[in-house]
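Participant: Submitted below is the structure of interest, expressed as structure tokens.
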Amino acid sequence: EIPTPSHAWHNPHLNLEWKLFQQGSNINFIHMQATILKPLTSAPIGTDMMPINGLDYEQMNLPLDIVQFNHYDTQEDLWKVMFWFDFIRTIKKRPFWNTETSTCWNGSTDIGQTMKPEGFCRVNSWLPVALGGEANMYWLWRTHWAGHELMHGSVLNATGRPMHIFGEVQQTAAEFDKASDFLSATSVSSDIAIHFGSLNWNMFETQSVISGLKYQDALVKNIYKPVLSKGLRPDVIGPKHTLKDYKVLISAFMMTLEDEDLPARIEEWVKDGGIWIVGPMTDIRTSIGTRYRKSPFGMLEELLDVHCLYQLPDREGLITAQWADGEPFEGTGWYDVFEKSEDSLVTITGGHSSIIGKTTVIKKNVGNGSVILLGSIPTGNTMSKLLDMACEEVGIGNYEVNGNVAVIPREGNGKKGLIVIECAGKHATCSLHERMQDIISEKIYEGILPLKPYEVYVLQEYDN
Numbered sequence: 129e130i131p132t133p134s135h136a137w138h139n140p141h142l143n144l145e146w147k148l149f150q151q152g153s154n155i156n157f158i159h160m161q162a163t164i165l166k167p168l169t170s171a172p173i174g175t176d177m178m179p180i181n182g183l184d185y186e187q188m189n190l191p192l193d194i195v196q197f198n199h200y201d202t203q204e205d206l207w208k209v210m211f212w213f214d215f216i217r218t219i220k221k222r223p224f225w226n227t228e229t230s231t232c233w234n235g236s237t238d239i240g241q242t243m244k245p246e247g248f249c250r251v252n253s254w255l256p257v258a259l260g261g262e263a264n265m266y267w268l269w270r271t272h273w274a275g276h277e278l279m280h281g282s283v284l285n286a287t288g289r290p291m292h293i294f295g296e297v298q299q300t301a302a303e304f305d306k307a308s309d310f311l312s313a314t315s316v317s318s319d320i321a322i323h324f325g326s327l328n329w330n331m332f333e334t335q336s337v338i339s340g341l342k343y344q345d346a347l348v349k350n351i352y353k354p355v356l357s358k359g360l361r362p363d364v365i366g367p368k369h370t371l372k373d374y375k376v377l378i379s380a381f382m383m384t385l386e387d388e389d390l391p392a393r394i395e396e397w398v399k400d401g402g403i404w405i406v407g408p409m410t411d412i413r414t415s416i417g418t419r420y421r422k423s424p425f426g427m428l429e430e431l432l433d434v435h436c437l438y439q440l441p442d443r444e445g446l447i448t449a450q451w452a453d454g455e456p457f458e459g460t461g462w463y464d465v466f467e468k469s470e471d472s473l474v475t476i477t478g479g480h481s482s483i484i485g486k487t488t489v490i491k492k493n494v495g496n497g498s499v500i501l502l503g504s505i506p507t508g509n510t511m512s513k514l515l516d517m518a519c520e521e522v523g524i525g526n527y528e529v530n531g532n533v534a535v536i537p538r539e540g541n542g543k544k545g546l547i548v549i550e551c552a553g554k555h556a557t558c559s560l561h562e563r564m565q566d567i568i569s570e571k572i573y574e575g576i577l578p579l580k581p582y583e584v585y586v587l588q589e590y591d592n
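Each residue of the sequence shown is one higher than the one before, counting from 129 in my numbering.
Below you can see the structure in the form of structure tokens.
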């Protein structure tokens, strides 16, 4: 028998197989329960899951009726939960349920968090519904009078008296009611997709390439956040998801593409006119986590007719580079170094004599589309520049935002609008493209939309 992994240096491929076996066993157990339940009830069947994609969300929810999700994000990083809503929204056609969040704090026999600013509960309750859910449920309704969660936040305390956020809960419920026709008729629309896969999550857990690099953290910080900062709304999709609805696809930190026939589907999508931003650290492993032996990549060198010379860690920031327009290129941590050609967007200017004059970013036309091959972990400025390039090519417009603002386009059944939410408890702005009416306040807005801390607007096109 193969020994189970221990807390010691162990073969990464066996570690990966062990993780996949564990997750698969959990999924099979839930599927068995669902099979038993389905003939006995007409209620939708689902299982609530935490923000951990090692347990494959796509595979888990295949036979289930509804995706269910729990989170307890705080005011310091509330915006990060939008990554998960943008992901779980894409798994089923039916709107998801946010089955657990707290009105104020989580806790057990003591509280590790603190009182949150006024307005946080309202925005925390609005985000899942604005981003494609149909329910936001609080854990818990009334604080336990005994047991291991004596100090958990709730709507009512153990005596049955309202908690201090009761007014925010009432306000949010009233706003849901007022916006219900618009919310029920529309769904979130997006032209941009970001890949996020369970196999890659587990692979990074067993071999992170750069010590300490976390798959989700890097994807959210270096890829997803810059997309939000451009006032864009992405879908976050798993490898099973169709590509046909998107104009731009971002596959970053996808260590392996050998998942659900992705290479063939991506190539066909690009040739049909899609823009693929690929890398860094993408297509560098097989499905079992081994390195390729004929090329550093599985498909990229052959598809793009490029040659990778070196793959270099750069934790100290020794490597320097610049864009063709002379602007400094901002990369971090890792560099794929390619032979320079007319398709190069960046020139390496320092770090080692063997790489000076080479490139780390290439843009190639493939069929009716194009591929931007990114060889370094991008900063926000770098990702912003690449997004400008890709969106301009396929005609994707964005909303100019100042601050930590969620811009959520929604349309359907003859209705079209925008939900705009301030997520950081600070003053912010969003530039509107047209005249719009806020369904909540019934006021008309155009031009620069001012947002107070934790402000929510549900805007619909205004024709008068």
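We put the beta carbon where it would ideally sit given N, CA and C, even for glycine. Just so it is clear, the structure is predicted and the values come from calculations on it, not from any experiment.
1. Helix or strand or just coil, what does DSSP make of glutamate 550?
2. Should leucine 437 be listed as close to the ligand ADP, given that the test is whether its C-beta is under 7 Å from any heavy atom?
3. Taking Cβ to Cβ, would you say alanine 321 is nearer than 8 Å to isoleucine 567?
4. So, under 8 Å CB-CB, glycine 497 and glycine 402 are touching, yes? Tell me the CB distance rounded to an integer number of Å.
5. Among Lys491, Ala449, Asp453, Tyr463, which has the Cα closest to the Cα of threonine 475?
6. Mind checking isoleucine 576: buried by the 16 CB within 10 Å criterion, or exposed?
7. Should alanine 452 go down as buried or exposed, given a rule of 16 or more other Cβ atoms within 10 Å for buried?
8. Any contact between the segment 319-337 and the segment 284-304? By contact I mean 3 or more CB pairs, one from each, below 8 Å.
9. Would you mind listing the beta strand (DSSP E) stretches within the segment 172-205 that are 3+ residues and don't spill past its ends, in chain order?
10. Within its chain, find whatever has a CB closer than 8 Å to the CB of lysine 468; leave out the 5 residues flanking it on each side and keep chain order.
11. For tyrosine 266, list the residues DSSP reports as bridge partners.
12. Residue range of the alpha helix (DSSP H) that tyrosine 438 falls in?
13. Can you name the start and end residues of the beta strand (DSSP E) that glycine 540 belongs to?
14. Helix or strand or just coil, what does DSSP make of aspartate 411?
15. Near phenylalanine 211, which residues of its chain fall below 7 Å by C-beta distance, leaving aside the five closest residues on each side in sequence?
16. Just confirm the distance between the C-beta atoms of phenylalanine 304 and valine 251, as a whole number of angstroms; I'd bet it's less than 8 Å.
17. Identify the residues that DSSP records as bridge partners of proline 245: which are they?
18. What does the Cβ neighbour count give for glutamate 550, buried or exposed, with the cut at 16 atoms within 10 Å?
19. How is leucine 142 classed by DSSP in three states: helix, strand or coil?
20. So, are the CB atoms of tryptophan 207 and asparagine 532 less than 8 Å apart?
21. Any idea what DSSP makes of glutamate 430, helix, strand or coil?
22. Going by DSSP, what residue range makes up the alpha helix (DSSP H) through serine 308?
23. Compare the beta carbon distance of leucine 587 and methionine 564 with 8 Å and say whether it is the shorter of the two.
24. Quick one: measure Cβ to Cβ for asparagine 198 and threonine 227, integer angstroms, because I've assumed they're closer than 8 Å.
25. Buried or exposed: glycine 295, going by 16 or more other Cβ atoms within 10 Å of its Cβ?
26. Name the residue from Glu562, Tyr582, Glu583, Pro581 whose alpha carbon lies nearest to the alpha carbon of tyrosine 573.
27. Should histidine 323 be labelled buried (16 or more other beta-carbon atoms within 10 Å of its own) or exposed?
28. Quick one: give me the first and last residue of the beta strand (DSSP E) that threonine 477 is part of.
29. Kindly indicate which three-state DSSP category threonine 334 falls into: helix, strand or coil?
30. Provide the residue(s) that pair with methionine 279 in DSSP beta bridges, ordered along the chain.
Facilitator: So, from the data block:
1. Position 422 of the sequence shown, counting from 1, holds the residue named residue 550. If DSSP states are grouped into helix, strand and coil, glutamate 550 belongs with the strands.
2. This structure lacks the ligand ADP, and indeed carries no ligand of any kind.
3. In the sequence shown, residue 321 corresponds to position 193, counting from 1. In the sequence shown, residue 567 corresponds to position 439, counting from 1. No, they are not a contact pair.
4. Numbered from 1 along the sequence shown, position 369 holds the residue referred to as residue 497. Numbered from 1 along the sequence shown, position 274 holds the residue referred to as residue 402. Going by Cβ atoms, the distance from glycine 497 to glycine 402 rounds to 5 Å, so yes, they are a contact pair.
5. Position 347 of the sequence shown, counting from 1, holds the residue named residue 475. Checked all of Lys491, Ala449, Asp453, Tyr463; the closest Cα to threonine 475 is Ala449.
6. Here residue 576 is taken as the residue at index 448 of the sequence shown, counted from 1. Exposed.
7. Indexing the sequence shown from 1 puts residue 452 at position 324. Exposed: under 16 other Cβ atoms inside 10 Å.
8. no
9. 196-198
10. For this step, residue 468 is matched to residue 340 along the sequence shown. Same-chain partners within the cutoff: Thr475, Gly485, Lys486, Thr487.
11. The sequence position of residue 266 within the sequence shown is 138, counting from 1. According to DSSP, which records beta bridges pairwise, tyrosine 266 is partnered with Thr229.
12. Within the sequence shown, residue 438 is the residue found at index 310, counting from 1. No alpha helix (DSSP H) contains tyrosine 438, which is instead part of the beta strand (DSSP E) from 436-442.
13. Locating residue 540 in the sequence shown gives position 412, counting from the first residue. Counting along the chain, the beta strand (DSSP E) containing glycine 540 begins and ends at 533-540.
14. If you number the sequence shown from 1, residue 411 lands on position 283. Looking at aspartate 411 - three-state DSSP - the assignment turns out to be coil, as it is neither helix nor strand.
15. Taking the sequence shown and counting its residues from 1, the one referred to as residue 211 is at position 83. The residues are Val348, Tyr352, Val364.
16. What you label residue 304 is simply residue 176 of the sequence shown in a count that begins at 1. What you label residue 251 is simply residue 123 of the sequence shown in a count that begins at 1. Not a contact, Cβ separation roughly 13 Å.
17. For this step, residue 245 is matched to residue 117 along the sequence shown. In DSSP, proline 245 forms no bridge with anything.
18. The count along the sequence shown starts at 1 and reaches residue 550 at position 422. It is buried - the Cβ of glutamate 550 has at least 16 other Cβ atoms within 10 Å.
19. Residue numbering aside, residue 142 sits at position 14 when the sequence shown is read from its first letter. Helix at leucine 142.
20. On the sequence shown, position 79 is the one that residue 207 refers to. On the sequence shown, position 404 is the one that residue 532 refers to. Going by C-beta atoms, tryptophan 207 is nearer than 8 Å to asparagine 532.
21. In the sequence shown, counting from the first residue as 1, residue 430 sits at position 302. Correct three-state label for glutamate 430: helix.
22. Residue numbering aside, residue 308 sits at position 180 when the sequence shown is read from its first letter. Start and end: 308-313.
23. Indexing the sequence shown from 1 puts residue 587 at position 459. Indexing the sequence shown from 1 puts residue 564 at position 436. In contact: leucine 587 and methionine 564 (Cβ atoms closer than 8 Å).
24. The residue you call residue 198 lines up with position 70 of the sequence shown. The residue you call residue 227 lines up with position 99 of the sequence shown. Correct: roughly 6 Å between the Cβ atoms.
25. On the sequence shown, position 167 is the one that residue 295 refers to. Under this definition glycine 295 is an exposed residue.
26. As a working note, residue 573 is residue 445 in the sequence shown. Per the Cα distances, Glu562.
27. Counting from 1 along the sequence shown, the entry for residue 323 is found at position 195. The residue is buried, with at least 16 neighbouring Cβ atoms inside 10 Å.
28. Position 349 of the sequence shown, counted from the start, is the residue given in the question as residue 477. Element bounds for threonine 477: 474-478.
29. The residue labelled residue 334 in the question sits at position 206 within the sequence shown. Helix at threonine 334.
30. In the sequence shown, counting from the first residue as 1, residue 279 sits at position 151. Its beta-bridge partners do not exist; DSSP assigns none.
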